[in-house]
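This report refers to the structure that appears directly beneath it.
Number of protein chains: 2
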Amino acid sequence: MYRTHTCGELRIADVQKEVTLAGWVQRTRKMGGMTFVDIRDRYGITQLVFNNEVNEELCEKANKLGREFVIQVVGTVMERSSKNKNIPTGEVEIIVKDLVVLNASETPPFTIEDETDGGDELRMQYRYLDLRRTPVRANLELRHKLSFETRRFLDDQRFLEVETPVLIKSTPEGARDFVVPSRMNPGEFYALPQSPQVFKQLLMVSGFDRYFQIVKCFRDEDLRADRQPEFTQIDCEMCFVNQEDVLNTFEGLTKHLFKHLKNIDLTEDFIRMPYSDAMKFYGSDKPDIRFGMKFVELKDLTTDRNFVVFDSVEYVGGICAEGCATYTRKQIDALTDFVKRPQVGAKGLVWVKCEADGTLKSSVDKFYSQEDLKAWAERFGAKPGDLMLILAGEEKKTQKALCELRLEMGSQLGLRDKNVFAPLWVVDFPLLEWDEDAKRFFAMHHPFTAPKPEDIALLDTDPGKIRANAYDLVINGVELGGGSIRIHDSKLQHKMFEILGFTPEQAEAQFGFLMNAFKFGAPPHGGIAFGLDRFVSILAGLDSIRDCIAFPKNNSGRDVMIDAPSSIDNAQLDELCLSINPIQK
Amino acid sequence: MYRTHTCGELRIADVQKEVTLAGWVQRTRKMGGMTFVDIRDRYGITQLVFNNEVNEELCEKANKLGREFVIQVVGTVMERSSKNKNIPTGEVEIIVKDLVVLNASETPPFTIEDETDGGDELRMQYRYLDLRRTPVRANLELRHKLSFETRRFLDDQRFLEVETPVLIKSTPEGARDFVVPSRMNPGEFYALPQSPQVFKQLLMVSGFDRYFQIVKCFRDEDLRADRQPEFTQIDCEMCFVNQEDVLNTFEGLTKHLFKHLKNIDLTEDFIRMPYSDAMKFYGSDKPDIRFGMKFVELKDLTTDRNFVVFDSVEYVGGICAEGCATYTRKQIDALTDFVKRPQVGAKGLVWVKCEADGTLKSSVDKFYSQEDLKAWAERFGAKPGDLMLILAGEEKKTQKALCELRLEMGSQLGLRDKNVFAPLWVVDFPLLEWDEDAKRFFAMHHPFTAPKPEDIALLDTDPGKIRANAYDLVINGVELGGGSIRIHDSKLQHKMFEILGFTPEQAEAQFGFLMNAFKFGAPPHGGIAFGLDRFVSILAGLDSIRDCIAFPKNNSGRDVMIDAPSSIDNAQLDELCLSINPIQK
């Protein structure tokens, strides 16, 4: 060992001990005849002292140390005269008697500090230096802990972690696959898994009873801030369970993680909100319920007053922003601009202020009387000082816009504190979504999701109305996980493929092995998958999952540090029987 | 929940409880007016009883159950009259009052028993049924436990599990990469990692101090029984350590795993055997030291007796098989055939028997006197009753053949008990291997391995003689892990690439980011990677790693269950800018 202690562990009780430390030079300061060096490792920072009067040569050596040099020192722990209360080692310092430079360092391209001067691109290129910064490393430490505690909890609950294959078969349903050419089977390809869905269901058929895996998954999609071509799932499946069993088990996991990672007790049962309510009251299947401001529908109170905008639309609804009657013209104009942005898509914004004196003032005073507005205020539960914000239009689009407005108001009012966590289960998702372009149904979750037993009769009459035994865990407006009870009956599974527009031959070619497996005693089963990257991001209060991934890719799917992807040798291509087509730019 | 208890947990103390069980029908037996059904799940088997006199309809239903039907029963726990001592639930049975068939099953293509009638190919095709068999599931349970205990141990030792990317960059050094075409970067490819080597070294540069990961790795090689295109490593790296620190840490892990998985205390320190000794005494860099039978060299004792075979060769050596002087002519002929097999490659076998009366009888009596043979026997330490087996030829080849002969004799003499574990560290590997075809050195371990400091001077004079700070963990003749102290100096790393025949441009293109990283304060570091599949196999006493992989591939790299790899749509190929070349069969 190059050290007897880490740079984070010496305390006042260690005074007079001779110790050896190794680490990186955080900074050096020369003060009179003394040189102070802060030595850093993963565990902390310790102050080293060199005295020019005691050992001039050694002190000279210390003076030459640059930032990020790797050094090893031998010295004696002493009590500091001026203590630093901000760090755990702040009561002591090391009087150094020996110094070895283990490796020098060029000046790093940005400062290795909690707040660095390095821009995003530079930090990604030198990610190995960015990872030295405490906040970045803390995210990865949290990630380690989340994985570890997840495994501990699930192991306790008799789940077995089983590794499923990475080189699997491409399936056209779902997102785009990454594919891997097979040299031994020329012209054929493996696919990288978008999830181990089929394998975990097979493990249930195998009687593994309770399966989990923390596993890399892959999707060849165009990227966004919260998407990476490779991402990590906590993938779980149980047999002989109904929906309630699955929710209870993973509510338990979620509470365990909050307790052990954040020391937060989520004592309440998580709310279970039907998808239809989520859409009606929050305009989203992942509502942020850290704050209220639920949608209020006004269509019936707004008609027949000659206001064409409201009369002509399907839906009129709004939210009540508490205490915002003081908003200025400018602020309201800004909100109007906000809702009219193409990403939000509303045509305009109607507002009603409840003044302190109880009168109501609105942007539609021309059309609506004080009595009308009072009826609205009553429905909103608005008090003097509140501001009602109202949108109108096609129902789904308007709810979506209202959702954005609600989130914006939540942010403006400071109601979206990153240290407050509001979990809920969204349940009773529709089983199918009609795609107007493809003129067919798509599975909202995936084709293996079971319909609610009471809705099965609708399969032949009105498939679009069927609700699924499917559920999402949502925290603070982020979908952290989703799952369902699966179909375990091969006839029903066949029927589902039929509804989804598979010919029997296509179904057989793609999923024949699964339907075959169902013929040999498939138990009732269901499960869930959590997005681990997102889970860590929520717990760490990050804006992008990229910040909790050691070596992320950029929005073009590139790793700019190692410069991947890259071209390969022609010999490699020949072995794989592949040619690259001329590329049209 | 479909059950109140599992099929493995009811005991005599549960008598009179009303319980609900769910599971698979293992077998049904009709005896007089009674029907007995064994219900099975992952946790065990419980006997169900149906009485025709009490409920004829129910009993009739039970009589119709087929093997592997999935059922749910409600009933009362009763003490059995004839107890089954072989199973933990053998003292009780369930008097069933309600039976639900959750799913029927076709007759499985092979029996779901510990000893099945299904052949390899059939079992792989229906792997989900094969996994129902207790011994197969037990291997995967052991695998889960090994992963879990590894994580627990390493977490305790402050290792952080960090996920490194799967979509990385292809490098020509090492085995063949699997590649993944990039749609977003047409004509370019990712590679799947053969190991996270470079990333774990970067994490050391990042100051992560102690890293591990249980991670899938990929090699596009022609397959053997103990090779799979995807395999799992326990990948570890530490900084500020020397070789001894790494060995001690992972000796600790190994002992922890034996204790917690097999309840075996490996109390002794693991032997550290230099590579040169391993080759000299066992003809292998992974000696099986469950038994002795070390090689004895005889060249000096065999010359000048006009035996051309021995006189003309570089090496004469043998082993002493205790108590085998009774081997018949037929047995010895079989051994001769064994060593002459092309895989072993010896030209012939010389034998000397130490008869009970002390006389020596050999296949070379014509050339060697009793005195000569006595001198041999003395060197072998042979006692009356022993058999000396001697090979001659070129040194390395003969040692390799002798190694095979030794292992064969070990097996014949029952010295290779799967329940005995003999671990050792092989150390001081050569840094480089000369490749006669390529006329250049290759790294024996990989190009990042550090030479022993005392051998660094040989870099310029005699690189082939340099020993590396590299080590392998070997148990029972199987290499379970290997690692090294790494180069952390960019100049030395450059020098290594030069010796390995890289031009500076090639080195820069392939590993520029690593050498760049080394310029910014790289700490001394080293690590190890264990083959998890092999580790499980050794602990479970398996002959092939395939038996501890849930969904393995066959020798052509195919998953015969899901039928992968397979062809993909032309649209997918077009998106990737790829064409498949006409395939020459």
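In order, the protein sequences belong to chains A and B.
For the first sequence, the positions run 2 to 586 when our numbering is used.
For the second sequence, the positions run 2 to 586 when our numbering is used.
Using N, Cα and C, we set each Cβ at its ideal position, and we do this for glycine too.
Everything numeric in this text was worked out from a predicted model, so none of it was measured.
(message) Given this structure, state the Cα-to-Cα distance separating Gly484/B from Lys146/A, to the nearest angstrom.
(response) Gly484/B and Lys146/A: Cα-Cα distance of roughly 26 Å.
(request) Report yes if the CB atom of Asp473/B is closer than 8 Å to the CB atom of Asp286/B, and no otherwise. (result) A contact, by the Cβ cut-off of 8 Å.
(message) For the region 12 to 41 of chain B, list every residue whose C-beta sits within 7 Å of some C-beta in chain A, in sequence order.
(response) Against chain A - using a Cβ distance shorter than 7 Å - the residues of the region 12 to 41 of chain B are Ala23 and Trp25.
(message) Just to make sure I have the definition right: I need the residues of chain B whose C-beta is within less than 9 Å of the C-beta of Phe111/A. Which are they?
(response) Neighbours of Phe111/A across chain B, judged by C-beta separation under 9 Å, do not exist; the nearest C-beta is about 11 Å away.
(message) Just to check my reading of the structure: Gly532/A and Phe232/A have Cβ atoms closer than 8 Å, yes? What is that Cβ distance to the nearest angstrom?
(response) At roughly 7 Å, the Cβ-Cβ gap stays under 8 Å, so Gly532/A and Phe232/A are in contact.
(message) Could you check whether the Cβ of Phe531/A sits closer than 8 Å to any Cβ belonging to chain B?
(response) With 8 Å as the cut-off, Phe531/A does not count as an interface residue toward chain B.
(message) Considering only DSSP beta bridges, list what Glu298/B is partnered with.
(response) Paired residues: Gly318/B.
(request) Look up Gln234/B in the DSSP assignment and give the residues it is bridged to. (result) Under DSSP, Gln234/B shares a beta bridge with Val216/B and Gly532/B.
(message) Does the structure place the region 102 to 114 of chain B close enough to the region 543 to 558 of chain B that three or more beta carbon pairs sit under 8 Å?
(response) Output reads no: the region 102 to 114 of chain B does not touch the region 543 to 558 of chain B.
(message) For the region 537 to 555 of chain B, list every residue whose C-beta sits within 7 Å of some C-beta in chain A, in sequence order.
(response) Residues passing the 7 Å Cβ filter: Ala551 and Phe552.
(message) DSSP three-state label for Ala508/B, please.
(response) The answer is helix: DSSP assigns Ala508/B an H, G or I state.
(message) Tell me the residue span of the beta strand (DSSP E) that contains Lys1/A.
(response) The question about residue 1/A has no answer here: the residues shown for chain A are numbered 2 through 586.
(message) Quick check on the burial criterion: 16 or more other C-beta atoms within 10 angstroms. Buried or exposed for Gln332/A?
(response) By the neighbour-count definition (other C-beta atoms within 10 Å, threshold 16), Gln332/A is an exposed residue.
(request) Look at the alpha carbon of Asn582/A and the alpha carbon of Lys496/B, and state the distance between them as a whole number of angstroms. (result) In a straight line, the C-alpha of Asn582/A is about 39 Å away from that of Lys496/B.
(message) Tell me the DSSP secondary structure of Leu66/A in three-state form.
(response) In the structure shown, Leu66/A sits in coil (DSSP, three-state: anything other than H, G, I, E or B).
(request) Starting from Leu49/A, follow the beta strand (DSSP E) in both directions and report where the run begins and ends. (result) Membership of Leu49/A in the beta strand (DSSP E) is indicated by the continuous run Gly45 to Asn52.
(request) Let me know the beta strand (DSSP E) ranges lying completely inside the region 370 to 397 of chain B, each 3 residues or longer, listed in chain order. (result) Taking 3 residues as the shortest admissible run, the region 370 to 397 of chain B contains the following complete beta strand (DSSP E) segments, listed from N- to C-terminal end: 388 to 394.
(message) Taking CB distances under 8 Å as the criterion, tell me whether Phe200/B reaches chain A.
(response) Answer yes: the Cβ-Cβ gap between Phe200/B and chain A drops below 8 Å somewhere.
(message) Can you look up Pro452/B in the DSSP assignment and give me helix, strand or coil?
(response) Three-state DSSP puts Pro452/B in a strand.
(request) Using a Cβ cut-off of 8 Å, pull out every chain B residue sitting near Phe259/A, in sequence order please. (result) Those within 8 Å of Phe259/A in chain B number zero; the least Cβ separation is about 19 Å.
(message) For a contact defined as C-beta to C-beta under 7 Å, what are the partners of Ile569/B on chain A?
(response) The answer, in chain order, is Ser171, Val180 and Phe190.
(message) I need the DSSP call for Ser580/A, collapsed to helix, strand or coil.
(response) In this structure, Ser580/A counts as strand in the three-state DSSP scheme.
(request) Taking Ile529/B and Phe251/B to be in contact with their CB atoms under 8 Å, please state how far apart those CB atoms are, rounded to whole angstroms. (result) Between Ile529/B and Phe251/B, the beta carbon gap of about 5 Å places them in contact (Cβ cut-off 8 Å).
(request) Flag Lys270/B as yes if its beta-carbon sits less than 8 Å from any beta-carbon of chain A, otherwise no. (result) The question names Lys, but residue 270/B in the sequence shown is Asp. Taking Cβ atoms only, chain A never reaches closer than 8 Å to Asp270/B, which makes this a no.
(message) Need the endpoints of the beta strand (DSSP E) that Gly484/B sits in, please.
(response) Bounds of the beta strand (DSSP E) holding Gly484/B are Val479 to Ile486.
(message) Does any residue of chain A have a CB that is nearer than 8 Å to the CB of Asn470/B?
(response) For Asn470/B, no Cβ of chain A is located within less than 8 Å of the residue's own Cβ.
(request) Drop a sphere of 10 angstroms on the beta-carbon of Val74/A, count the other beta-carbons inside from all chains shown, and report buried for 16 or more, exposed for fewer. (result) Buried is the call here.
(request) Go through its chain and collect everything with a Cβ distance to Arg144/A's Cβ below 7 Å, but skip five positions before and after it. (result) Excluding residues within five positions, the ones whose Cβ falls inside 7 Å are Val537 and Cys549.
(request) Determine the chain A residues that contact Met2/B at a beta-carbon separation under 8 Å, and present them in chain order. (result) Identification of chain A residues near Met2/B by a Cβ-Cβ cut-off of 8 Å yields Phe241, Val242, Asn243 and Asp246, ordered along the chain.
(request) My understanding is that Thr36/A touches Cys8/A, with C-beta atoms under 8 Å, so please give their C-beta distance in whole angstroms. (result) Contact flag wrong, Cβ pair sits at about 17 Å.
(request) Indicate whether at least one CB of chain A lies closer than 8 Å to the CB of His489/B. (result) By this cut-off, His489/B is an interface position.
(request) Report the option in Asp157/B, Gly478/B and Arg380/B whose CA atom is closest to the CA atom of Leu302/B. (result) Sorting Asp157/B, Gly478/B and Arg380/B by C-alpha distance to the C-alpha of Leu302/B places Arg380/B at the top.
(message) With the cut-off set at 8 Å, would you say Ala518/A and Val206/A are in Cβ contact?
(response) Yes, Cβ-Cβ distance for Ala518/A and Val206/A is below 8 Å.
(request) On the DSSP bridge assignment, give the partners of Arg41/A in chain order. (result) As DSSP reads the structure, Arg41/A sits in a beta bridge with Trp25/A and Ile46/A.
(request) State the start and end residues of the unbroken beta strand (DSSP E) segment that holds Met79/A. (result) It spans Val71 to Glu80 - the beta strand (DSSP E) in which Met79/A sits, taken as one unbroken run.
(request) Would you mind listing the alpha helix (DSSP H) stretches within the region 75 to 146 of chain A that are 4+ residues and don't spill past its ends, in chain order? (result) 121 to 126 and 128 to 131, all fully within the region 75 to 146 of chain A.
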